[in-house]
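Residue numbers (this note's numbering): 57 to 569.
Glycine included, every Cβ here is placed at the ideal spot set by N, Cα and C.
Here is the structure we will look at, set down as structure tokens.
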Ligand SMILES: Nc1ncnc2c1ncn2[C@@H]1O[C@H](COP(=O)(O)OP(=O)(O)OP(=O)(O)O)[C@@H](O)[C@H]1O
Ligand SMILES: [Mg+2]
Ligand SMILES: [Zn+2]
């Protein structure tokens, strides 16, 4: 009888837990697997058998018992094929076993011994280093993703044969080495789109600059072709650059979701996720039987863009409320629950009415009475409540579009945003989990957003004149604080309030009437 231990890892939320695979080969002819493996793990017997015979090895014709521990951790997926296969080979003396326990070994086997990518290579590498493993052997597709963790040898392999040769001391494996800092700085400012491409629309850009500066959720309302999608796509380029910690957080989520491409190691630019309005709530917020992060977590530290907001199913929008509030989503199952971070800026876009031309300067809206209001009501009130800035986008007339010069570069706007964020960081440095104005609680709002009597009077008048709802009040104060920060003003002045009042279009009672 021979007992061998090999090591794999299980993902829980965005972290990994080391899994010990014990393989015991004894007299007899059966194959047992214990320790809560799910059906995919059970199928691995077939894959292992086929892969080994393809490359000229075999399962020993004996009794094989495989125990995966700890038993109370769910081990899902097929990523343990390689862990189990190397264990069987070592336990049946087909490969050397002296160093085998110094590695995390993972990968799904194809029937020909090739390796398929795994999920969560980054958190697994982080955990492996923490536990003092010497190396991590995994499918080549995931090697760069894992290699951003230093102090652990990462070996990307394409076929189980390479692993066999390695443990038999016949061939070395090629180590994947990445300089994380170089990688980070190299891709830091690589934005796909620039604000410069948007001609005119200075007031919209200003609104988005404010949104970026305070981390405020925003909605763009305007007719077809007015540039809403174009503007939203450029938002990541004016947000403050990610720091390395945030980049790692975001990369971890994409790694767990299996969304890293073979060539990417680190996500260094804020993500921009734009799920289609037909998306299911599971795909949006995460979940499923084998829980996976949803779009809101893939947007962590970046932007979630919901284009054509009223087209989303109401139930889908409802599930967004909690994560927007908590900045994390919890997925509960009978026997366990997992958490995925989901701190994102929400940007939405919509036409003002079904025909698209309500409030248009030159085209007449064709919608009958009550239709505009009904259209707006498709968006759940509580979601709208969490959007600080409403911007009405009016198209730039074609003639002006062809004549206008390019706008300001994103980099310049970003500089102002970063400056305003610095002020906020200082303001909230004592406050846990609060980093920017959009995140302040209503209690903090009363402390931080004090306005003088002139401001108060102005705000009161404006609220009455525009028939703004009560919920607009807090939003206006928050946004005016950001406008003041952009100007480097210690106090909130009347002009800051006046501009903030401007961004509450959908709260006006006259909207749609
Ligand atoms: N201010 C602008 N500067 C440069 N190009 C613009 C501008 N406004 C619109 N365009 C051009 O018009 C196209 C349509 O804009 P976009 O798709 O962003 O509009 P939209 O408001 O999202 O429309 P829809 O409601 O139909 O989705 C853009 O791809 C761009 O080429
Ligand atoms: Mg659009
Ligand atoms: Zn209309």
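Among the options, the one whose alpha carbon lies nearest that of residue i
| i | options | result |
| --- | --- | --- |
| residue 528 | 478, 315, 443 and 448 | 443 |
| residue 568 | 501, 414, 359 and 273 | 414 |
| residue 57 | 561, 139, 149 and 64 | 149 |
| residue 562 | 466, 461, 439 and 495 | 439 |
| residue 98 | 122, 80, 118 and 84 | 122 |
| residue 276 | 270, 287 and 269 | 287 |
| residue 165 | 80, 61, 338 and 218 | 218 |
| residue 530 | 565, 445, 546 and 179 | 445 |
| residue 416 | 385, 140, 70 and 448 | 448 |
| residue 250 | 470, 101 and 492 | 470 |
| residue 548 | 505, 542 and 558 | 505 |
| residue 537 | 556, 519, 525 and 520 | 556 |
| residue 74 | 159, 111, 83 and 151 | 159 |
| residue 400 | 181, 326, 116 and 243 | 326 |
| residue 544 | 96, 351, 499 and 473 | 473 |
| residue 476 | 246, 295 and 86 | 295 |
| residue 86 | 95, 78 and 101 | 101 |
| residue 273 | 188, 402, 518 and 137 | 402 |
| residue 154 | 230, 62 and 91 | 62 |
Three-way DSSP call (helix, strand, coil) for residue i in this model
| i | result |
| --- | --- |
| residue 526 | helix |
| residue 546 | coil |
| residue 446 | strand |
| residue 106 | helix |
| residue 97 | helix |
| residue 516 | helix |
| residue 147 | helix |
| residue 419 | coil |
Buried or exposed by the 16-neighbour rule on C-beta atoms within 10 Å, applied to residue i
| i | result |
| --- | --- |
| residue 358 | buried |
| residue 267 | buried |
| residue 128 | exposed |
| residue 301 | exposed |
| residue 196 | buried |
| residue 496 | buried |
| residue 454 | exposed |
| residue 552 | buried |
| residue 534 | buried |
| residue 88 | exposed |
| residue 390 | exposed |
| residue 282 | buried |
Close-in-space but distant-in-sequence residues of the same chain around residue i (CB under 7 Å, 5 per side omitted)
| i | result |
| --- | --- |
| residue 392 | 130 |
| residue 566 | 523 |
| residue 174 | 135, 162, 163, 164, 194, 195 and 198 |
Ligand 2 heavy atom lying under 7 Å from the CB of residue i
| i | result |
| --- | --- |
| residue 98 | no |
| residue 405 | yes |
| residue 285 | yes |
| residue 363 | yes |
Residue i CB to nearest heavy atom of ligand 1 below 7 Å
| i | result |
| --- | --- |
| residue 330 | no |
| residue 457 | yes |
| residue 252 | no |
| residue 453 | no |
| residue 293 | no |
| residue 95 | no |
| residue 282 | yes |
Residue i beta carbon near ligand 3 (any heavy atom closer than 7 Å)
| i | result |
| --- | --- |
| residue 410 | yes |
| residue 413 | yes |
| residue 162 | no |
6 Å CB neighbourhood of residue i in its chain, flanking five on each side removed
| i | result |
| --- | --- |
| residue 14 | With the chain covering 57 to 569 only, the question about residue 14 has no answer from this structure. |
| residue 94 | 132 |
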